[in-house]
Amino acid sequence: MKPELFFKFASISFQKQVTYRFDCFVGIVNGFLYVFIFTSLWKALYSQFDTTVHNGFTLTAITTYAVLVMAVRISFTMDDSIIYRKVMDGSIAMELIRPTSFFFMNLAENVGHSLFHIMARTFPIVIISLLLFDISIPFEPVRLLAFLFSFFAGYILISMLNFAAGLLAFWFVEIFPFMLFKYALFTFFSGGIVPIDFFPEFLKPLVNFLPFQYMLYFPTVILTGRVPMAEVPSIIISQLMWILIMGIICSLMWSAGRKKLVIQGG
Amino acid sequence: MQQDNVAIEVKDLRKEFKVSSSGKGFLGKLQALFHRSNKVITAVNDIDFKIRRGEFVGYVGENGAGKSTTIKMLTGILVPTSGTANVNGIVPYKDRKKNAAKIGVVFGQRTQLWWDLPVRESFDLLRVIFRVSGSDFDRQMAKLDEALGLKPLLEMPVRKLSLGQRMRCDIAASLIHNPPVLFLDEPTIGLDVLAKQSVRNFLSEINRTEGTTIILTTHDMNDIEQLCKRLIILEEGMIIFDGETELLKQKFVHEKVIEVEFYEDDCVMQGIPGVTVVREQGCKKWLTFDSDSSGIGEVIGTIASQYKIKDISVKEPSVESIIRNIYDNRIKLSTPWNKSFTK
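Chains as they are written, first to last, in our numbering: chain B, 1 to 266; chain H, 267 to 609.
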């Protein structure tokens, strides 16, 4: 897909979001509420113990993690029911008659969606949090660059996850239960609630077997400085490997699903 | 193999859909949780046809006959269960994107324009999608504007267009890249008489001047009669007729209708062998006879020799009435007919 086209699709999707201003306002409040709840929880938990470092996190470190993981998560906001809706109303037919890749069109729409949420929600929430909470982010240019790279890789991964989940609509009439399951798996195993370091030992092999930690946890800990710079390249390589694996899964599902596709409404 | 003058080639094309049916009522639904009976519906049943470049083909059939399913396979939206299709030398369901670049598609009940964008921006987006150069785009737009009167619509958001306006824009949208093959699935649905006529004029013009191959699906037989030299009729997923529209009339109209008006004093008509009265209105009568067994001159001669005729005319049944008869099974199409024609 040509970059020009990608940006056009992204900008249409961005503009669509602008029309839902009230949604956005609620989204800011909602996001900040989450940050407030989690930071308060950690504070209460840490005050119960004499030791100040748990699983390598000081209270400042865990507060920073809680704020930033939420910031990354909000930045990754995308409409994961979009493919489902296009299949249900049959409008997917109108996209398949265009000489464009369905995956990249979908990605472009996600990017526009996310860009809006980054500007309208991530930034305000991070700024408010910086003022209210005890947060420390190491400002090293190389680290910031590594974070950006890891962030993009994580973004592509989650976009692929949503794409694959959305393609289930080619097989099933109702995919809401799958989406709930995906949401639960993602929220927990990506480190969205609790950093992976806090997970019990028996869960760790499973976590390493799943792609979710490369979507939120690793980009976040690269930014917070929890990961030494020396480990960053291997993390990013793992992310790229998962992109490759997810890419293969997506394209297999796509070619299998197209045979199953039924256009609703004639 | 692929001849240069063939635009579309379809061989043994088949599409099946699985439909799972659950029982009726609460118990039936409960049972369906554990055991579900799957039914296979054959929407398109091993069809063959070839369409040459520059042809204008009407693709008709009742609702659910498999017209749209065929179009969707030829446009790369659906993947056939078996058989092959070839459009412009491309296999649409394998090379969907490559195929899409060389065809134009209009689905009457959907739009490919962006609902919230002004028409102009939709067109501009399609220009980028189809990689049309700026000068080609301007030239094509000028042509489309002249034929379809797009100028007043360009600044309007698509959702504010009336059905007829939207259809004009959708037809224009499908032609931005000047495709050699155009698929139209009910493009005149819901249009008023004037709008229909302007769309028809335009289609006939691009078919003539650009040599665009057009496949038209419609329920409006006037579309067919005015535009399509060739007709493919589909029934329950199978082709039951494929040939010239004129030929359909000749082959399947065994009955001709004579409209006669007699002078008042000679109004009562006795029976004439082989002729039946289908309708009477005072001294005006509508008669039919089997045109295979008796010639038209013969019949008129017989009537004229016995009665005083005030006015007489012979009516050709319209394509619509023929097709209605086919749908009603009043005209039986012998199966060897379609096979011999496609070969």
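Just so you know, even glycine gets a beta-carbon here, dropped at the ideal spot from N, CA and C.
One alpha carbon belongs to Asp89/B, the other to Lys462/H, and they sit about 27 angstroms apart.
Annotation for Ala309/H: the continuous beta strand (DSSP E) segment containing it runs Ser303 to Arg318. Between Met229/B and the set Gly192/B, Leu145/B and Met1/B, the nearest pair of CA atoms involves Leu145/B. Looking at the DSSP output, Glu546/H shares a beta bridge with Lys551/H.
In the structure shown, Met504/H adopts extended strand secondary structure according to DSSP, grouped into three states.
Within 9 angstroms of the CB of Ala298/H, no CB atom of chain B is found; the nearest one sits about 13 angstroms away. Using a Cβ-Cβ cut-off of 8 angstroms, Lys409/H does not count as an interface residue toward chain B, since no Cβ of chain B sits closer than that to its own. Bridge partners of Ser579/H according to DSSP: Glu525/H. Collapsing the DSSP output to three states places His443/H in coil. If you check the CB distance, Thr479/H and Gly320/H come in under 8 angstroms. Counting only residues of its own chain and dropping the five nearest sequence neighbours on each side, Phe36/B has no CB closer than 7 angstroms to any other CB. Counted as a single uninterrupted DSSP element, the alpha helix (DSSP H) harbouring Thr187/B occupies residues Phe176 to Phe189.
The residue among Met535/H, Gly349/H, Thr554/H and Glu530/H with its C-alpha nearest the C-alpha of Val541/H is Thr554/H. When rounded, the separation of the alpha-carbon atoms in Gln492/H and Val447/H is 19 angstroms. Between Pro177/B and chain H, the shortest Cβ-Cβ separation is not below 8 angstroms. Assignment of Ala273/H by DSSP, reduced to helix, strand and coil, places it in the strand class. Excluding its 5 nearest sequence neighbours in each direction, Tyr593/H has C-beta neighbours in its own chain below 8 angstroms: Glu328 and Glu501, listed in chain order. Note on geometry: alpha-carbon atoms of Gly112/B and Tyr217/B lie some 23 angstroms from one another. Boundaries of the beta strand (DSSP E) harbouring Ala351/H: Ser348 to Val353, taken from the DSSP string. Nearest to Asp556/H by C-alpha distance, out of Ser286/H, Leu441/H and Val523/H, is Val523/H.
For Leu457/H, no Cβ of chain B is located within less than 8 angstroms of the residue's own Cβ. Under the DSSP assignment, Leu96/B falls in the alpha helix (DSSP H) whose first and last residues are Ile92 to Leu96.
Taking 7 angstroms as the upper bound on Cβ-Cβ separation, chain B lies near residues Ser334, Lys338, Thr341, Gly342, Ile343, Leu344 and Val345 of the segment 330 to 354 of chain H.
Beyond the five residues adjoining it in sequence on each side, Pro219/B comes within less than 8 angstroms, by CB distance, of Val72, Phe147, Ser150, Phe151, Ala153 and Gly154 in the same chain, given in chain order. Within its own chain, no residue has a Cβ closer than 7 angstroms to the Cβ of Asn488/H once the five positions on either side in sequence are excluded. For the C-beta of Leu460/H, not a single chain B residue is nearer than 8 angstroms; the gap to the nearest is close to 26 angstroms. Residues of the same chain with a CB within less than 7 angstroms of the CB of Thr347/H, apart from the 5 flanking positions on each side, are Arg280, Lys281 and Glu282 in chain order. For Ala256/B, no Cβ of chain H is located within less than 8 angstroms of the residue's own Cβ. Taking 4 residues as the minimum length, the alpha helix (DSSP H) runs contained wholly in the segment 91 to 177 of chain B are 92 to 96, 102 to 117, 123 to 132 and 141 to 167, in order along the chain. The three-state reading of DSSP puts Thr224/B in helix, counting H, G and I together.
At least 8 angstroms separates the beta-carbon of Thr377/H from that of Arg302/H. Residues of the segment 95 to 108 of chain B whose Cβ lies closer than 8 angstroms to any Cβ of chain H, in chain order: Leu96, Ile97, Arg98, Pro99, Thr100 and Ser101. Beta-bridge partners of Leu279/H (DSSP): Ile313/H. Residues Arg280, Gly332, Glu502, Gly503 and Met504 of the same chain have their beta carbon placed closer than 8 angstroms to that of Asn311/H, with the five preceding and five following residues left out of the count.
The C-alpha of Asp197/B lies about 46 angstroms from the C-alpha of Arg98/B.
At least one beta carbon of chain B lies nearer than 8 angstroms to the beta carbon of Phe396/H.
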